[in-house]
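Here the structure is laid out as structure tokens; the discussion comes afterwards.
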Amino acid sequence: ITDYVEQQRKAEWKVLPHALKEERNVGILGLGHLGAATAEKLAANGWIVNGWSRSTKQIPGCISYAGPDQLAEFLSKTNILVNLLPLTPETEGILNLELFKQLKQPACLINTGRGQHLVEEDLIYALDRNLLKEAYLDVFETEPLPASHPFWNRPAIRVTPHIASLTYPEELAGQTIDNYKQLMSGQPLLYVVDREKGY
């Protein structure tokens, strides 16, 4: 997409060569509710999908990697890295230069997890050194992203204002009422966070 954006600036009409789905592997960091659903949909649409999480998952069409020992192998098979991890002490800063160096080339990053997952200076360095071709970012360390931030002027970076997963008041109100009913009837609460895991 970055190449087409540049062509648009130059008013050039030229079809560029593009890779087939079979030539690009999608790797999903985080196979929780959102990650698993994303993996299933991508696999159903013909993408080669790998996923990495704390523990092994069984997801149709997705090869599951788990734990620190399998992270390098997962990265070596990943061209398009999608981050959907929860933010924990273990995952803070995980999107860093060492990780980018291990990706299969050509590589790009999609971060819809949390801004604190990304080491911003490392991303700029990785783009400058062609370790990454492009990055699509929806979350940032500081939000709103300051107007002076270098991400705004980088042709290889696409910025969206934290809209990848919107909260609708009507849905939230319904969940709150359901949980209140659970509490009042002595039933286990829904959507409970495991304080030890951090999500």
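For what it's worth, the working numbering labels the leading residue of the sequence shown as 1257, then goes sequentially.
Beta carbons: idealized from backbone N, C-alpha and C, even for Gly.
Fair warning: this is a prediction, and the values are worked out from it, not measured in the lab.
What span of residues does the beta strand (DSSP E) with residue i cover, start to end?
i: Ile1304; result: Ile1304 to Ser1309
i: Glu1390; result: Glu1390 to Leu1393
i: Gly1283; result: Asn1281 to Leu1285
i: Ile1433; result: Careful: Ile1433 lies outside any beta strand (DSSP E), inside the alpha helix (DSSP H) at Pro1425 to Met1440.
i: Val1338; result: Ile1336 to Asn1339
Is it buried or exposed, residue i, if we count other Cβ atoms within 10 angstroms and call 16 or more buried?
i: Leu1272; result: exposed
i: Asp1325; result: exposed
i: Asp1378; result: buried
i: Trp1308; result: buried
i: Ile1350; result: buried
Assuming residue i is part of the alpha helix (DSSP H), what are its boundary residues?
i: Ala1322; result: Premise fails: Ala1322 lies in the beta strand (DSSP E), Cys1318 to Ala1322, not in any alpha helix (DSSP H).
i: Tyr1260; result: Thr1258 to Arg1265
i: Thr1294; result: His1289 to Ala1300
For my contact list, residue i and residue j are in at a C-beta cut-off of 8 Å; report their separation, rounded to the angstrom.
i: Ile1284; j: Thr1294; result: 6 Å
i: Leu1393; j: Arg1414; result: 7 Å
i: Lys1277; j: Gly1302; result: 5 Å
i: Asn1281; j: Asn1306; result: 6 Å
* Asked: How about the segment 1393-1411 and the segment 1428-1435: do they share at least three Cβ pairs that are nearer than 8 Å?
  -> no
* Quick one: which unbroken alpha helix (DSSP H) runs of 4-plus residues sit fully inside the segment 1360-1417? Chain order, please. => 1376-1384
* To do: Count the CB pairs spanning the segment 1331-1341 and the segment 1366-1382 that are closer than 8 Å, and state whether there are at least three.
  => yes
* With a cut-off of 8 Å, do at least 3 Cβ pairs link the segment 1432-1443 to the segment 1316-1325? -> no
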